[in-house]
Every structure is written in C-alpha cells, then in structure tokens.
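K.L.:
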Amino acid sequence: MNNDQPILHVKEISKRFPGVVALDRVSLELGQSEILAVIGENGAGKSTLMKILAGNQLPDDGEILVDGVPQTIDSVQAARANGIALIHQELNLCQNLDVGANIFLGREPTRGGMIDRQRIRVQSETILQQVGLDLSPDELVGHLTIGQQQMVEIAKAISTEARIVIMDEPTSSLSQREANKLFDIIRQLKSRGVSVIYISHRLGEVELIADRVEVLRDGRNAGQLPRHEINHQAMVERMVGREIDSYYSRTDCARDDAAIEVRRLRTFANPHHEVSFRVQAGEIVGIAGLVGAGRTELLMTLFGITPATEGSIVIGGQQAEIPDSQTAMQLGIGLVPEDRKQQGVLLPMSVRENTSLSTLSTLAQLGFVDRGREYELATEMTRRLGTRTPHIEQPVKFLSGGNQQKVVIAKWLAREPAILLMDEPTRGVDVGARQEIYKLMDDLSRAGVAILFVSSDMEEVLGMSDRIIVMHEGTISGELASEQFSEEAVMTLATGGQLDQPTHSAGGGQP
Ligand SMILES: Nc1ncnc2c1ncn2[C@@H]1O[C@H](COP(=O)(O)OP(=O)(O)OP(=O)(O)O)[C@@H](O)[C@H]1O
Ligand SMILES: [Mg+2]
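Heads up: the sequence shown begins at -8 in this note's numbering, then just goes up one per residue.
1. Name the DSSP bridge partner or partners of Met462?
2. Smallest Cα separation from Ser38: which of Gln396, Glu344, Glu81, Phe95?
3. Within 10 Å of its beta-carbon, does Ala272 have 16 or more other beta-carbons around it, so buried, or fewer, so exposed?
4. Check whether the stretch 218 to 228 touches the stretch 253 to 267, taking contact to mean three or more Cβ pairs, one atom from each stretch, closer than 8 Å.
5. For Ser391, is the beta carbon positioned less than 7 Å from some heavy atom of ligand 2?
6. What do you reckon, is the C-beta of Asp421 under 7 Å from a heavy atom of ligand 2?
7. Name the DSSP bridge partner or partners of Phe268?
8. Run the proximity test for Ser347: is its beta-carbon closer than 7 Å to any non-hydrogen atom belonging to ligand 2?
9. Using a Cβ-Cβ cutoff of less than 7 Å, which residues in the same chain neighbour Lys147 once the five nearest sequence positions on both sides are dropped?
10. Whole beta strand (DSSP E) runs in the stretch 74 to 153 with 3 or more residues, listed along the chain?
11. Excluding the 5 residues preceding and the 5 following Leu135 in the sequence, name in chain order all residues of the same chain whose CB lies nearer than 8 Å to its CB.
12. Less than 7 Å separating the Cβ of Lys172 from some heavy atom of ligand 2?
13. For ligand 1, any of its heavy atoms closer than 7 Å to the Cβ of Asn83?
14. Could you tell me if Asn87 is buried or exposed, where buried requires 16 or more neighbouring beta carbons within 10 angstroms of its beta carbon?
15. Can you tell me where the alpha helix (DSSP H) holding His223 begins and where it ends?
16. Rounded to a whole number of angstroms, what is the C-alpha to C-alpha distance between Ile188 and Ala69?
17. Measuring alpha carbon to alpha carbon, tell me which of Ile400, Ser18, Arg254 ends up nearest Gln215.
18. Can Ser38 be considered in contact with ligand 1, in the sense that its beta carbon sits closer than 7 Å to one or more heavy atoms?
19. Considering only the beta carbon of each residue, do Gly393 and Gly423 sit closer than 8 Å?
20. By the three-class DSSP mapping on this structure, what secondary structure does Arg203 have?
21. Is Val11 near ligand 1, in the sense that its beta carbon is under 7 Å from a heavy atom of that ligand?
22. Rounded to a whole number of angstroms, what is the C-alpha to C-alpha distance between Thr151 and Gly31?
23. Going by alpha carbons, who is nearest to Asp209 out of Glu198, Ser477, Gly232, Ala369?
24. Check whether the Cβ of Asn47 lies closer than 7 Å to any heavy atom of ligand 1, and answer yes or no.
25. Would Glu252 pass as a contact of Asp457 if the rule is Cβ separation under 8 Å?
26. For Asn33, report the span of its alpha helix (DSSP H) as first-last.
27. Is Ile324 closer than 8 Å to Ile410 when the C-beta atoms are compared?
28. If you draw a straight line from the C-alpha of Val509 to the C-alpha of His223, how long is it?
29. Of all the options Gly469, Gly22, Gly377, Ser5, which has the alpha carbon lying nearest to the alpha carbon of Leu(-1)?
30. What does the alpha-carbon distance come out to for the pair Ala319 and Asp414?
31. Let's see if you can read the secondary structure: which residues bound the alpha helix (DSSP H) around Arg241?
32. Between Val206 and Met230, which are expected to be in contact by the criterion C-beta below 8 Å, what is the C-beta distance as a whole number of angstroms?
33. Would Leu281 pass as a contact of Ser166 if the rule is Cβ separation under 8 Å?
34. State yes or no: is the C-beta of Gln489 nearer than 7 Å to some heavy atom of ligand 2?
35. Just to confirm, are Leu453 and Ile278 a CB contact at a threshold of 8 Å?
36. For Ile313, write down the residues that DSSP places opposite it in a beta bridge.
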C-alpha cells in the first residue's frame, strides 16, 4: 500500500441468504492508487461483497471505513457520496435508452429545471472517447453488442469521478483488443490516484495488472498475494485449495462424415459477406475473431434465431432449412448462448426446471413431466459441473454468475445434441469448473457430437480446438490446422492480415 491509511477498510463483513452464507467475516484493505484483484471460485462471495460496497445490498454484520471513518452505505447514492462506483458483473443498462442517457442515469445535469440533453451529449462524447468507444451518444443501448455495452458501463463508472472503481469481471465479454484498452484505462486511473478493485477469472489479466491479490474461498478470506508472489499456480492453489494440472484434455476424434456443412451462407447482420465451412462428427472447431467479427451472428443463424438470408446448410447429408430455433432443436442442434440472461436461463425458475427445459419434450412423452427423471438429471448435472447451489429447487436468479453459466451448459448437455454450438462457453466460470467443461466437451466429441464454439479466450481456442476458423468483418479470413496453431497466427487473421506460410497444405506437394 502506498499510504499508511487505507482509503477503504472492510472489517469482518458477513452476509447470509436463506441456506447460504455468502460472506463470513470478510476483511479487506485498499490503498490509494492501488489495484487490488479479488479472486475466488464461483460462489465465493466476490460479487456479494462488491454489491455491499456499492450500496446495492446491506451487510448483516461488519463495518466499512472510508478514509478511516465508519460509513453506512445503504444506497447507491451513499456509495457515490463516498466516491465508490461499481461496474456490475451482469450488465445493468437500460436497453431502451441511448448511450448518453445511460451514462448519466440518475444524475442528469439540468438547466432551468429541465434535463440538459445538450450537455449530456457533449460530456458523453468526451467520456466515450476516453474509453476508446467509437459510438454516438444517441445510439440506443439495445442495439449495441455485449462488448460495447460493457464499455458503456465502464464509461459510466468513470464519469462519476469515483475514487474507488470496482470492476466485477469487466473483460468477460470484451475482445483482447478491448481488454487491452481497459488495462490502459485502469493504469490511467491509478496514475490519477484512483483505486481499483478488480475481479476476474482470467488469471493472466490479474498477473498483468494487479498490485496485490486478495483470495476468497467459501465466503471467507483465504490469503493474500503481494505483487511479487502473483502467479497462476499460487492463485489457483489458494482459490481451489489444490493443484490443477493438464488443463486441456483434447484427443482428436473427428470422423469422416460431416455433421454440418455450411455453403455460401449470408446472415442478416453481414449481408455482404458469405461463409462456407464444415464440421465433422466428433470434431471440435473453434471460431476466433475480434468482437463484432460476426461470430455470434453465425451461431444465431445456425440455431434459427436470425434465419440465413442466402446460402445452404446441410445437416447429416440432408439439405436443411432452419427458420426458427424449434426446427434447429429438432435437427439436433443445441446452443449455449452468449447472453445467458436473455437467452440462456429463465431466472425465476429453479435449477431443476432450467436443466430440463430443453429436454421437456423427451421427458414429457406421456403428456406429463417425469419429475423423478427430471430430478435425477438435474442432480447429476449439478454434481458433474460442481454447480454451487443450496439445492436444485433454488431459483437460478439467486446463483452467482458463474454458476448460472453452468446451468445453461447443463441444460444443453442434458439434451444430448448432435451438433453443439457454444458461444463463449466458459465466460465467468472459475478454473475448476472450466476444466470440467473442457472435459465434457471432449467426452461429447468422443461420443460423436460436432462442437462449434466461439471464444475470445485465446488459450481456450488454442487448447480445445481440433481446427480453428478465424473470422474478420463478417467473413472467414482463414483456417488453421492444429500444427499451425499459434497466438500470432490467430491474431494476424483476426485483424484481417495474411499469414506468411500457406494456411492449408503446409507440406506443399500434395498427392
Ligand atoms: N440474492 C441472493 N439470494 C440467495 N443467495 C444468493 C444471493 N446472492 C448471492 N447468493 C449466493 O451467495 C453466494 C456468493 O455469491 P456471489 O455472487 O457473491 O459469488 P461470486 O464470488 O461473485 O461468484 P462468480 O464468480 O460466479 O460470479 C453464492 O452461493 C450465491 O448463490
Ligand atoms: Mg460474481
């Protein structure tokens, strides 16, 4: 810490929910200009602690001191008055308002008793520039990509001129390039004397920017790491309490028959570009690319959410029309979507109900849902993925972010699709569960499932794919066979560059 007096001192905070002790006497200190990373497994209590600091939730016990003075933070306004701003893990923007209105929501500048829209526009423009977001303040937030919305959240937090900025998994929906921009912003904040609490499951990032690491485990403090002790293994050991080795377990088991073949497909989002590719049964193909390259749109088209405008899709040798998701599911396609809140889970429903949602037609063969089978299925999936929930009747909205993601994955695994589309499958998921998801992907592919997954996590793309398709501006800019895998190759293609060596037939003289 740079100063003797911590700017923020959290003392023995506890928080209980029915059936869950989310925080058990957790303490924390934050110095001025310090970047403190808070890490821990899914459900460890990170978000709960941050919501308490931001006035979204009240602690049951404990004390919060700002500049050495005890403060009651019982509202967002109170947090703001103490100079604390939180960027939520789950995006919190109003979809039907524009960017400027979102940035200044609840503290709109006024002029003669009226909201001063001109000033909102001008100030928003400056802030957007600061975070490197090339957008008009008049743009509707509902029209933005998730990555852009995340950057708007960041802009919003910075605009409050907070002294303590809390970021709860800010990079989970950002591309590498956007993330780098964010790291620049964090360094600038630090140099201006602002302190940052940074939560992430991407340990590489933590290594890169944190001054100190605080580890939470099962709602308790589980140790600290000073700057010089921050490394991957030390962090994992403290979070999980055991070593995790051989992260990626991939055995190539692609078969000869194509599970899905796409020919000259055009999507609604990218009408001027076409894509063609195939995925074999038992093959895992990763789609890499920058945010906005058209990867999510491609998956949405294959799942019938936004039907193709042109081109053809062949599934199991048969020409297929996919006008809607119902048809996609009948064709054996499953989708683990990018935005779990909107498409992935029904928040008020229980873990059990959500797990069996997509399987209901099979379970309900005789016109009623087989509760026993449903219960078994949900229990089994919860166990395999290590989903942290007091019981499977718990409404999903009460689960931590990473655990919600596990429910989405469980839901699709339960259905046993022949073709599984996954959009950022491990977003927000902790190291232990990540390994479990990779294992499940590997198992599925061995059983003949064709997997097509989009990921912005470079390590994951390189580690799990048998083949990588790289997209750039709505089209496929190149394809990499496993012997060509490298971070540079992916980045070159993702930014529209060309590889020196030929992408296909590396050996030359083909028969
Ligand atoms: N409103 C709530 N009602 C009931 N339980 C809750 C509520 N909010 C959080 N919990 C529980 O408290 C625990 C801690 O959750 P929290 O969201 O703080 O975890 P986290 O460390 O942020 O996890 P993740 O990495 O998955 O985001 C979890 O077991 C969660 O299910
Ligand atoms: Mg969280």
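Note that beta-carbon positions come from the ideal geometry of N, C-alpha and C, so glycine has one too.
P.N.:
With the structure as the only source:
1. Partner(s): Gly280, Ile467.
2. Glu81
3. Label assigned to Ala272: buried.
4. no
5. yes
6. No.
7. Val253
8. no
9. Asn93, Ile94
10. Runs of the beta strand (DSSP E) inside the stretch 74 to 153: 75 to 78.
11. Val90, Leu126, Val143
12. no
13. Checking the 7 Å criterion, the Cβ of Asn83 is out of range of every heavy atom belonging to ligand 1.
14. exposed
15. Note, His223: alpha helix (DSSP H), 223 to 231.
16. 18 Å
17. Ser18
18. At least one heavy atom of ligand 1 is found less than 7 Å from the C-beta of Ser38.
19. Not in contact: Gly393 and Gly423 (Cβ atoms no closer than 8 Å).
20. strand
21. yes
22. 28 Å
23. The shortest C-alpha to C-alpha distance from Asp209 to any of Glu198, Ser477, Gly232, Ala369 is the one to Gly232.
24. no
25. no
26. From DSSP, Asn33 is part of no alpha helix (DSSP H); its letter is neither H nor E.
27. yes
28. Beyond the ends of the chain as shown, which are -8 and 502, falls residue 509; an answer cannot be given.
29. Gly22
30. Near 16 Å, if we compare the C-alpha coordinates of Asp414 and Ala319.
31. Premise fails: Arg241 is in no alpha helix (DSSP H) and is neither H nor E.
32. About 6 Å; that satisfies the 8 Å criterion.
33. yes
34. no
35. Not in contact: Leu453 and Ile278 (Cβ atoms no closer than 8 Å).
36. Ile313 pairs with nothing; no bridge assigned.
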